[in-house]
Every structure is written in structure tokens, then in C-alpha cells.
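K.L.:
Below you'll find the structure I mean.
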Amino acid sequence: GAVVSQHPSWVICKSGTSVKIECRSLDFQATTMFWYRQFPKQSLMLMATSNEGSKATYEQGVEKDKFLINHASLTLSTLTVTSAHPEDSSFYICSANPDRRGPYNEQFFGPGTRLTVL
Amino acid sequence: GNSVTQMEGPVTLSEEAFLTINCTYTATGYPSLFWYVQYPGEGLQLLLKATKADDKGSNKGFEATYRKETTSFHLEKGSVQVSDSAVYFCALSDQGNDMRFGAGTRLTVKP
């Protein structure tokens, strides 16, 4: 159990276009999901916390209008990279925090989406 | 705020060598501690975890003990294999909120 999926796993787009990435919790409900960004050979950087039914909470330095987050249901959060540019190319990873907490306060991670902007 | 400091790599070992990757943390509360592994081109996979002081997490021959007195959670394996080559991340989570990651340590195991 506790599987998180992401779609697409890999996307290439032209500069100036928008790209939507989906994050789904397949077998549990998640009021809270998280979006991370990972540059090559670097660690994960938390971008924002996605809250079902309310606005996302963005980390300092992350542009809200650039990275639109919508948490439409208890199993789905989407990240839309608007007007993408080459510097937005990165590996985007989501995670979900099950509403039914276990003893370890664990998050479950999706497999990631590699975005390449030409 | 909460943070994790992790031994930076890269680390290169021969097969069957002993592995230690150091991890220390700073936290205001009583966080849960994790080690994640990332294979090339893939997302993060949970390797092991511990929720309180003196807990030992273990999986696939890897071990780490939650040491509150030294605020550490070092990862160890007695005999590494080529298939263990990956990037390892130490992380902490305070009450299930956002997770803070270390910088990651790239391990390469040579035959």
C-alpha cells in the first residue's frame, strides 16, 4: 500500500508553453501533498505544500504564479509550470502524507517527473 | 529550523567493503528520521526509518540508529554490493510535515 504515482514521468516542451504534472495517491487519502524540485546531482528542495481545498503554501523564493498548484481532491494534486523556460528544466517529485498517520510520520514519494524545456 | 547535515560524497568502495555515511540533524522537536535511496533516473525509495531515540532502522543489510545524544543517524552496511550504487539521502520529518533532506551522498561500488 501507500503508492504515489506521477504523470507524466518525462516531458519535453518548448519554451513559453505550460506543463501540468499530476500527483496521485493510489490507495490512500492525502489532505497534504508536497512538491519538490531536484537539480542534477543535488538534493531535493521543497517548493510548496499542497493542501486539499485551500491554497498551497510556497517556500520562500518559489514563484506562486510560475508554479501553480491545485489540490482538487484527497488523491490528486497538480503542479503546472507556466510559461516554462530552460531554467525550469528539472526533476519534480511529489510526496503525500497519509491522513491516517502511522507511527513514523512518513511521506510517500512519487517516482518523479523529468521536465526538459527546449 | 530543522535541518540535516550529511556527509558529502562521492563515496567509492570495493564490493564487500564496509559502508558508513554520516548524518546529523538539528531539530526543535522530536522528529522521525529516514534514509532514502535514489537509483539513477528514479524517485526516492524509503530504505529505513526510526521514530524515537535508540530505535534502530534496518533493511536490506543497512542499519541506522537514532542517537539523540549525538543528534545522529549514521547509515551503515557491513558488506556493500555493486547493486547498492545509488544516492542516499538522510531526512527528518517533524510530525509528518514537510521533510528536510540532506545533500545526498553518491555511492559507487566497484566489483
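Residue numbers (our numbering), protein chains in the order written: chain G, 12 to 129; chain R, 155 to 265.
Just so you know, even glycine gets a beta-carbon here, dropped at the ideal spot from N, CA and C.
#1: Nearest-angstrom Cα distance between R:E196 and G:C24?
#2: Could you name the residues of chain G that R:T216 contacts, counting a contact when the two beta carbons are closer than 9 Å?
#3: Does the distance from the CB of R:M253 to the CB of R:A240 come in under 7 Å?
#4: Quick one: residues in its chain with C-beta nearer than 8 Å to the C-beta of G:Q118, no 5 flanking neighbours on either side, listed in chain order?
#5: Using a beta-carbon distance below 7 Å, is R:M253 in contact with chain G?
#6: Consider the Cβ of R:A207: report whether some Cβ of chain G lies at a distance smaller than 7 Å.
#7: Decide if R:G211 is buried, meaning its Cβ has at least 16 other Cβ atoms within 10 Å, or exposed.
#8: So which residues on chain G does R:F243 lean against when the C-beta distance must stay under 8 Å?
#9: Within the 7 Å Cβ cut-off, does R:A257 reach chain G?
#10: Can we count R:S186 as close to the ligand SAH, meaning its CB is less than 6 Å from some heavy atom?
#11: Would you say G:Q118 lies against chain R (beta-carbon separation less than 7 Å)?
#12: Smallest Cα separation from R:T262: which of R:T159, R:Q160, R:A204 and R:V165?
#13: Under 8 Å by Cβ, that's how I've got R:F216 and R:L201 pegged, so tell me the actual separation to the nearest angstrom.
#14: Decide if G:Q17 is buried, meaning its Cβ has at least 16 other Cβ atoms within 10 Å, or exposed.
#15: Quick one: is G:W21 buried, meaning 16 or more other Cβ sit within 10 Å of its Cβ, or exposed?
#16: Decide if the stretch 74 to 94 of chain G is in contact with the stretch 26 to 36 of chain G; the criterion is three or more beta carbon pairs, one per stretch, under 8 Å apart.
P.N.:
If we stick to the structure as given:
#1: The count along the second sequence starts at 1 and reaches residue 196 of chain R at position 42. The count along the first sequence starts at 1 and reaches residue 24 of chain G at position 13. A direct Cα-to-Cα measurement between R:E196 and G:C24 gives close to 20 Å.
#2: Residue numbering aside, residue 216 of chain R sits at position 62 when the second sequence is read from its first letter. Looking at the sequence shown, residue 216 of chain R is not Thr but Phe. By Cβ distance, chain G contributes nothing, its closest Cβ being about 16 Å from R:F216, past 9 Å.
#3: In the second sequence, counting from the first residue as 1, residue 253 of chain R sits at position 99. In the second sequence, counting from the first residue as 1, residue 240 of chain R sits at position 86. No, the pair does not count as a contact, with Cβ atoms beyond the cut-off.
#4: For the purposes of this step, residue 118 of chain G is identified with residue 107 of the first sequence, where counting begins at 1. Only F45, S106, A107 and N108 meet the Cβ criterion.
#5: Working through the second sequence from its first residue, we reach residue 253 of chain R at position 99. For R:M253, a Cβ of chain G is located within less than 7 Å of the residue's own Cβ.
#6: For the purposes of this step, residue 207 of chain R is taken as residue 53 along the second sequence, with counting starting at 1. With 7 Å as the cut-off, R:A207 does not count as an interface residue toward chain G.
#7: Along the second sequence, one-based indexing puts residue 211 of chain R at 57. It is buried - the Cβ of R:G211 has at least 16 other Cβ atoms within 10 Å.
#8: On the second sequence, residue 243 of chain R is found 89 positions in, with the first residue counted as 1. Correct list: S54 and L55.
#9: One-based indexing of the second sequence puts residue 257 of chain R at position 103. At least one chain G Cβ lies under 7 Å of R:A257.
#10: For the ligand SAH, the structure offers nothing, since it holds no ligand at all.
#11: Counting from one through the first sequence, the residue named residue 118 of chain G turns up at place 107. Under the Cβ criterion of 7 Å, G:Q118 is counted among the residues facing chain R.
#12: Taking the first residue of the second sequence as 1, we reach residue 262 of chain R at position 108. Per the Cα distances, R:V165.
#13: In the second sequence, the residue the question calls residue 216 of chain R occupies position 62. In the second sequence, the residue the question calls residue 201 of chain R occupies position 47. Contact holds; Cβ gap of about 6 Å.
#14: Along the first sequence, one-based indexing puts residue 17 of chain G at 6. G:Q17 should be labelled buried.
#15: The residue given as residue 21 of chain G occupies position 10 in the first sequence. Counting Cβ neighbours within 10 Å, G:W21 comes out exposed, since fewer than 16 surround it.
#16: Yes, they touch.
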